[in-house]
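Notes follow the structure.
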Amino acid sequence: MAAGAPNVGRRRRQMSVERAKTLASEGLRLAQQGRMREAVPLLRGAAGLAPWIADLHLNLGIALLHDGVLPDAEDAMRRTLALACDQPAVHKNLGMLHLAGGRPAEAAKALRRALALAPWTPDRGALLNNIGVALRPLGRLEEAAEHFRHALRAAPGLVDARKNLAMTLVDLLRTDEALAVLRTGLALAPDAAELHGEAAHACKERGMVEEAAVWLERARQLNPAAIEALHSQLLLAHYQPGVTAAGLHRLHADMERWHGRRSRAAWKPHGNGRDRHRPLRVGYVSGDLRRHPVGFFLAGMMRHHDPAQVIPFLYSCHPHQDAVTAAIRAGGAIWRQVHAASDEELAEQIRTDGIDILVDLAGHTAHNRLRVFARRPAPVQASWAGYVGTTGLEGMDWLVADRFHVPPGEDGLYTERVARMPHGYVCWQPPDDAPPVAPPPALARGFATFGCFNNIAKVTPPVVALWADILRRVPTARLVMRTKALGDAGTRRRYLALFAAGGIAAERLTLGGELPQRELLAAYGDVDVALDPFPYSGGVTTLEALWMGVPVITMPGRSFAGRHSTSHLSNIGHAGWVAADPADYVARAVAWAEAPDALAAIRRGLRQDMAASPLLDHRGFARDLEALWRELWHDHLERTGEPSAPPLQPAVHGFAAPGVLHRLGVEAMRAGDAARAVRCLTAAVALAPAAADALDHLGVALSGRGSFEPSIRALRHATAVAPGDPAHLNNLVQALIRAGRFTEAAEALTRACAAAPFQPSLVGLLGDVRARLGDAAGAEAAYLEIAALRPEAVEPWLAISRLCRHTGRTARALGSLVQALQRRPDDADLHAEMAAIFADLDDPGRAVAAAKRALALEPGRVDRYRDLALVFHRQQVGTDAASLPRRIASLQ
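Residues in the sequence shown are numbered consecutively from 1, following this note's numbering.
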């Protein structure tokens, strides 16, 4: 027996090897057919039967890599490496795994090891190309370009290497070389869709958007289902002259046609709880949670989400993190790093997280996950802030906008339903290290300087032609353009030629490349007036110009992207800088160039205008956004057949009198039982449809639950039944305001004030609504009417002061605040307001005196010391300032 034992062991081992080879053979056959889900169990079984054979682990690792199961794939590769550390294929596939997992440094190391072990391997070109791909995200662009060139020497027909070389040359601002590389490649492979797509990218980076559109059209013809070419084509369409929302709607239908419908099979019922009032789990999906416009939009707002309303999740689709990422994460949202997750894996993660509302923050821009949204992993899906219009996906329920980006009447031009924020559709976090505002350079130079720091693709030939017209009309004026693409000598030559064709000499132009952000902001010190491009207007670029005190002239386009600046200017109270047409645009630019003193006055107060506006009210924006998410959730419940409320208790049904039901509803409201209140009041109104008080209370109860449409219907009915009742009118207006329908609120209040002309509360509300609508004159008239009705009141004069300060009428703001102080001379808040106005007027002595008076009246309030410190800092008053931080700290 003892002598035969080794033979038995060898036979068993041999049988295991034969069974493993049989399983591996079948697994590899399935893998070659792309049937990874069937192949992986067989290959895993083979590796388990003969774990000492390196190739079995390698085959399993490759299959898992192709299936996107990266942790298991890495485990299999590591096992292979332990058994065969000098096998080139192991290092090559480990490198590819690191690339897929977003670890480029490790990928480059593994791929170089594979090349060192087999320098003349038949796939040498592919290895060199992949090393270059790993070097790009490390910022080693010159080194990457050399690897792509070596790859092309080894394999001249390697399309990926040629595309990657061209892309890298564009990043290195050598677009002429990139286009030459692509022309050579297209001569060898005229039907290579990827090369047509990269030629489009190179043209766009040179500002040649119409040429880029031709290249992309050809790329789509060659491969209509290619997702990257489709994303590029849809994004590029927003830049093209003559673009309209209707045209974009038609073009974006291809997203549903080629990718949306194919994902319908993945749609599954959602198990989310249907409670109307529980905290909503809202997932934000973005590859731009970093130094990027989307990051700047989220950084301030995310700190203010109310956990009783929203539990935020952040799904980060990019591996890079920076200081902006840290600011966003400091808000306490649940963080998911998902850049390496497949569409299926990410969709499953979202389902597991129980997301109620999933928010796309990318659209068709880089690192988007629209194909995850096409799988509908959440019951409500919305696109917001990261794109400039419709996504084209029928699975995207909502587009978050405002009344400027999507004016009433244009909702039908979007695949999604339009949900409007009450002010702007975004809020913004200014850079902490922004330099102070400089005086307008025209005061020292004696001539005006126009400027534009926007993406060069927005500066199309029609834009250049209009700007040349402005420069011809102001012969002494100069124009500064600064953006990354202008670091490319060929791109500079192109724009000099375009301006020369419009009669503008090169010496009147300063064309500069990219700068670090703080230096770029400081460069606004050389600009008097910013010119906004069209049809794609500035977004964050406009906000940065305004923060640096530079007024922006804009002309809204006929698409979402063409209205960014219009929205921003309207929300800071400067809608007067929005031009009606090209002639008006030119006239406004010429007028500013001839008014350096007016520019100086604007410059002094513009940052304060922004700081006091909804654009920087992060807390208020968070509340508005939460209310909007709640509305979308209620809409979903109603559309999907929310179970009707439990029937009223028999004790309630026993009372047939509507008055009793009304009383029970009011009691339920006072007790905080909104659901019971609505049921009782609905029953009361059903029995007595003309009972104005019951209708009014029902409307208030519905509004409190966020059900604005039924609330407004009930309140309109109440005002129709009792048209002279100010309480009903007030409640209707409040519901309209909460729903963001300010124009309707103003109309209702105007009618109410005409019917009841001596109601100060209604008149004051009218003033507030008119102010929100940007009607400063109408708002002031309403506040003056209250002042006449209630001569002792402070509030109307304070409201006028704030309104005038917001609209740049500082002297009027001061006079109104004096009126308020005459009525309440010991009000510390009024003295603090006075200090801010004197600071605006560059009167440091009176600013400090007013701030000290506020502090003397309320010495125990920390913010009084902060107000005084700000005045000292702003006016550069050194005395007394040093002791303030210590005093503030002791109070805190």
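All C-beta atoms in this analysis are idealised placements derived from N, C-alpha and C, irrespective of residue type, glycine included.
Remember, it's a predicted structure, so these values are computed and weren't measured experimentally.
Could you tell me the boundaries of the beta strand (DSSP E) in which residue i lies?
{"i": "Arg420", "result": "417–420"}
{"i": "Trp258", "result": "That residue, Trp258, is in no beta strand (DSSP E); it is neither H nor E in DSSP."}
{"i": "Leu42", "result": "Segment 36–49 is the alpha helix (DSSP H) holding Leu42; no beta strand (DSSP E) there."}
{"i": "Leu358", "result": "357–360"}
{"i": "Ser383", "result": "380–383"}
{"i": "Val529", "result": "529–531"}
{"i": "Trp398", "result": "398–401"}
Below 8 angstroms on the Cβ atoms is my guess for residue i versus residue j; work out the distance and round it to an integer in Å.
{"i": "Ala108", "j": "Ala134", "result": "4 angstroms"}
{"i": "Leu531", "j": "Cys452", "result": "5 angstroms"}
{"i": "Met77", "j": "Leu97", "result": "6 angstroms"}
{"i": "Leu509", "j": "Leu496", "result": "7 angstroms"}
{"i": "Gly392", "j": "Glu228", "result": "With a Cβ gap of about 15 angstroms, Gly392 and Glu228 do not count as contacting."}
{"i": "Gly27", "j": "Ala46", "result": "6 angstroms"}
{"i": "Leu289", "j": "Thr325", "result": "6 angstroms"}
{"i": "Val181", "j": "Leu169", "result": "7 angstroms"}
{"i": "His806", "j": "Ala612", "result": "6 angstroms"}
Report the residue from the options whose alpha carbon sits nearest the alpha carbon of residue i.
{"i": "Ala155", "options": "Asn129, Ala327, Met96", "result": "Asn129"}
{"i": "His405", "options": "Arg558, Ala374, Gly665, Ala323", "result": "Arg558"}
{"i": "Gly102", "options": "Gly287, Val181, Glu26, Leu158", "result": "Gly287"}
{"i": "Met167", "options": "His201, Glu519, Ala828, Gly185", "result": "His201"}
{"i": "Thr390", "options": "Lys852, Phe560, Arg494", "result": "Phe560"}
{"i": "Asp171", "options": "Leu56, Arg588, Pro137, Asp72", "result": "Pro137"}
{"i": "Ala419", "options": "Ala341, Asp433, Gly271, Val380", "result": "Val380"}
{"i": "Ser570", "options": "Leu841, Ala583, Ile553", "result": "Ile553"}
{"i": "Ala89", "options": "Glu106, Val69, Arg113", "result": "Arg113"}
{"i": "Thr415", "options": "Gln33, Ile470, Leu251", "result": "Leu251"}
Could you tell me the boundaries of the alpha helix (DSSP H) in which residue i lies?
{"i": "Asp693", "result": "692–704"}
{"i": "Gly620", "result": "618–639"}
{"i": "Arg805", "result": "795–806"}
{"i": "Gly451", "result": "Note, Gly451: premise wrong, no alpha helix (DSSP H); beta strand (DSSP E) at 449–452."}
{"i": "Gln337", "result": "Premise fails: Gln337 lies in the beta strand (DSSP E), 334–337, not in any alpha helix (DSSP H)."}
{"i": "Pro312", "result": "Run containing Pro312: none in the alpha helix (DSSP H); it sits in the beta strand (DSSP E), 310–316."}
{"i": "Val660", "result": "658–670"}
{"i": "Ala212", "result": "209–222"}
{"i": "Asp176", "result": "175–188"}
{"i": "Ala154", "result": "141–154"}
{"i": "Arg861", "result": "No alpha helix (DSSP H) holds Arg861; DSSP gives it neither H nor E."}
{"i": "Gln819", "result": "810–823"}
{"i": "Glu594", "result": "That residue, Glu594, is in no alpha helix (DSSP H); it is neither H nor E in DSSP."}
Hey, how far is the Cα of residue i from the Cα of residue j?
{"i": "Trp633", "j": "Ser703", "result": "14 angstroms"}
{"i": "Pro646", "j": "Ala671", "result": "Since pLDDT at Pro646 reaches only 38, below the 50 mark, its modelled position is unreliable, and no value is offered."}
{"i": "Ala745", "j": "Ala575", "result": "20 angstroms"}
{"i": "Leu280", "j": "Asp353", "result": "12 angstroms"}
{"i": "Ala593", "j": "Leu606", "result": "18 angstroms"}
{"i": "Ile602", "j": "Gly774", "result": "18 angstroms"}
{"i": "Pro710", "j": "Gly699", "result": "7 angstroms"}
{"i": "Asp160", "j": "Phe148", "result": "9 angstroms"}
{"i": "Asp397", "j": "Ala382", "result": "6 angstroms"}
{"i": "Thr542", "j": "Val660", "result": "58 angstroms"}
{"i": "Pro119", "j": "His292", "result": "41 angstroms"}
{"i": "Ala199", "j": "Glu626", "result": "43 angstroms"}
{"i": "Pro439", "j": "Ile350", "result": "50 angstroms"}
{"i": "Val464", "j": "Leu498", "result": "7 angstroms"}
{"i": "Pro122", "j": "His231", "result": "34 angstroms"}
{"i": "Lys458", "j": "His238", "result": "9 angstroms"}
{"i": "Leu216", "j": "Thr682", "result": "57 angstroms"}
{"i": "Ile712", "j": "Met669", "result": "18 angstroms"}
{"i": "Ala781", "j": "Arg812", "result": "14 angstroms"}
{"i": "Leu687", "j": "Cys680", "result": "11 angstroms"}
{"i": "Arg371", "j": "Lys852", "result": "59 angstroms"}
{"i": "Arg887", "j": "Tyr865", "result": "Only weak support exists for where Arg887 lies, its pLDDT of 48 falling under 50; the value from the coordinates is given anyway. Rounded to whole angstroms, Arg887 to Tyr865 spans 8 angstroms at the Cα level."}
{"i": "Val480", "j": "His270", "result": "54 angstroms"}
{"i": "Gly845", "j": "Pro535", "result": "47 angstroms"}
*asked:* What ranges does the beta strand (DSSP E) occupy inside the stretch 470–527, keeping only unbroken runs of at least 3 residues that lie completely in it?
replied: 478–482, 509–512
_Runs of 4 residues minimum, wholly inside the stretch 550–578: which ones carry the alpha helix (DSSP H) assignment?_
564–571
_Threshold first: 4 residues or longer. Then list the alpha helix (DSSP H) segments lying entirely within the stretch 98–130, N to C._
104–117
*If you scan the stretch 250–305 from start to end, which runs of the beta strand (DSSP E) of 3 or more residues do you find wholly inside it?*
280–286
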